[in-house]
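Residue numbers (my numbering): 1 to 278.
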Amino acid sequence: MSQVTRYQNAALNYYMRLTNSPYLHYGYWNPLPSEPQDLTVPQFRKAQQAYADKLFSFIPPQIKTVLDVGCGIGGNAAYLLAQGFKVEGLAPDSFQEEKFLENTNHQAKFYLTKFEDFQTNHTYDLILLSESSQYMAADDIARCAANLLDSGGYLLLADMMRSNPEYKEGIFSNCHVVAELHKALMQAGFTLVKAEDISTEIAPSLDLYIESFQTWGLSTIKYIADLVSIAVPPIYLLFRWIYKRWIKKLIVEGLEAKNIFEKHLCYQIQLWQLVEKK
Ligand SMILES: C[S@@+](CC[C@H](N)C(=O)[O-])C[C@H]1O[C@@H](n2cnc3c(N)ncnc32)[C@H](O)[C@@H]1O
Numbered sequence: 001m002s003q004v005t006r007y008q009n010a011a012l013n014y015y016m017r018l019t020n021s022p023y024l025h026y027g028y029w030n031p032l033p034s035e036p037q038d039l040t041v042p043q044f045r046k047a048q049q050a051y052a053d054k055l056f057s058f059i060p061p062q063i064k065t066v067l068d069v070g071c072g073i074g075g076n077a078a079y080l081l082a083q084g085f086k087v088e089g090l091a092p093d094s095f096q097e098e099k100f101l102e103n104t105n106h107q108a109k110f111y112l113t114k115f116e117d118f119q120t121n122h123t124y125d126l127i128l129l130s131e132s133s134q135y136m137a138a139d140d141i142a143r144c145a146a147n148l149l150d151s152g153g154y155l156l157l158a159d160m161m162r163s164n165p166e167y168k169e170g171i172f173s174n175c176h177v178v179a180e181l182h183k184a185l186m187q188a189g190f191t192l193v194k195a196e197d198i199s200t201e202i203a204p205s206l207d208l209y210i211e212s213f214q215t216w217g218l219s220t221i222k223y224i225a226d227l228v229s230i231a232v233p234p235i236y237l238l239f240r241w242i243y244k245r246w247i248k249k250l251i252v253e254g255l256e257a258k259n260i261f262e263k264h265l266c267y268q269i270q271l272w273q274l275v276e277k278k
């Protein structure tokens, strides 16, 4: 497993422990929080449920089988199973596999693989990428999705995307440029059926992360640093050097996440249809 994937998995596992939710996505805040005290983890969990309602309202009526790509720990799959869909999921992480099978009560098959490496002898009615597209190249998404659909099949994709193609470095730089993703999907034979921008409704989650990190994250780091400085001063000096060299920049950027998002990114739900299998 690559180092980047290991970093991403570490972040996802941290997030899962904090929220104790079966979803790993940003949620959909509707109504928007009107007071700062509405920004709480229980409200966030409600927003995640509302995200599932919103996302799956895009599924066309005739769909029966779904492949959940980058399925995380199974919240979306469990939701779809409860609606009567036949669901399979995949992700390249064995920890998620365990949680996925638990959360779906072993009713959905799980494949421990990257989408790029996935092979099967059957097709699906719909391929779902709920906040997982940013981990894969646009051409790979287009090619792999087209291979697993028959003509007329659907791709439902929801994620943060770069509205500013000039934003190329930083925490959100792995997100697709809207126009580039469009181009790759069109070239593979897809046509856009429906799209909606939900940037406003996911943004409160960024406020919540930043506020929680400021309140709990930074004070915990400071407390641990104080303890180390008392107990083992040489380790503290090393820690301080590592902090200044690598960690400080990441923290400063993390605290700016909402501004970066508003300036350079958007969050879209897109429903694509494979018109012509190439
Ligand atoms: C932010 S989580 C989203 C999880 C879930 N879809 C949800 O909405 O709760 C991103 C997911 O993409 C998966 N992922 C990352 N790289 C992948 C790849 N190359 N192929 C398939 N899944 C990948 C991660 O392991 C994780 O399950």
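In this text, a Cβ means the ideal position worked out from N, Cα and C, and glycines have one as well.
Note that this is a predicted model, so its numbers are computed, not measured.
SER34 and PHE44 have their C-alpha atoms spaced approximately 14 Å apart. The continuous alpha helix (DSSP H) containing TYR51 extends over residues 41-56. Residue state for MET160 is assigned as strand, using DSSP reduced to three classes.
Within the stretch 198-244, complete alpha helix (DSSP H) segments of at least 4 residues are found at 199-212, 218-231, 233-242, given in chain order. Cα atoms of GLU97 and PRO204: separation of roughly 29 Å, rounded to the nearest angstrom.
Burial check for ASP93: the Cβ neighbour count within 10 Å reaches 16 or more, so the residue is buried.
The nearest non-hydrogen atom of ligand 1 is 7 Å or more from the C-beta of GLN43. In the DSSP annotation of this structure, the continuous segment of the alpha helix (DSSP H) that includes ASP140 starts and ends at 138-147. Pairing LYS277 with THR123, the inter-Cα distance amounts to about 12 Å.
Under the three-state reduction of DSSP, LYS277 is assigned to coil, being neither helix nor strand.
Beyond the five residues adjoining it in sequence on each side, ALA146 comes within less than 8 Å, by CB distance, of ALA188, GLY189, PHE190, LEU274, LYS277, LYS278 in the same chain, given in chain order. Excluding residues up to 5 positions away in sequence, PHE58, LEU271 lie with their Cβ nearer than 7 Å to the Cβ of LYS194 in the same chain. By the Cβ-count criterion, TYR223 is exposed, with fewer than 16 other Cβ atoms from all chains shown falling within 10 Å of its own Cβ. With a 10 Å radius around the Cβ and a threshold of 16 neighbouring Cβ atoms, PRO234 comes out exposed. Separation of HIS182 and ASP226 (C-alpha to C-alpha, rounded to the nearest whole angstrom) is 50 Å. Three or more pairs of CB atoms, one per stretch, sit closer than 8 Å, so the stretch 73-80 contacts the stretch 104-118.
Taking every protein chain shown into account, the CB of LYS168 has fewer than 16 other CB atoms within 10 angstroms, so this residue is exposed. If you draw a straight line from the Cα of SER219 to the Cα of LYS64, it comes to about 48 Å. Of the residues assessed, ASP68 falls on the buried side of the cut-off, its CB having 16 or more other CB atoms within 10 angstroms. Not one heavy atom of ligand 1 is found less than 7 Å from the C-beta of GLN49. PHE100 counts as buried, since no fewer than 16 other beta carbons sit within 10 angstroms of its beta carbon.
For the options CYS175, PRO61, GLN62, ILE171, the alpha carbon positioned closest to that of GLU256 is the one of ILE171.
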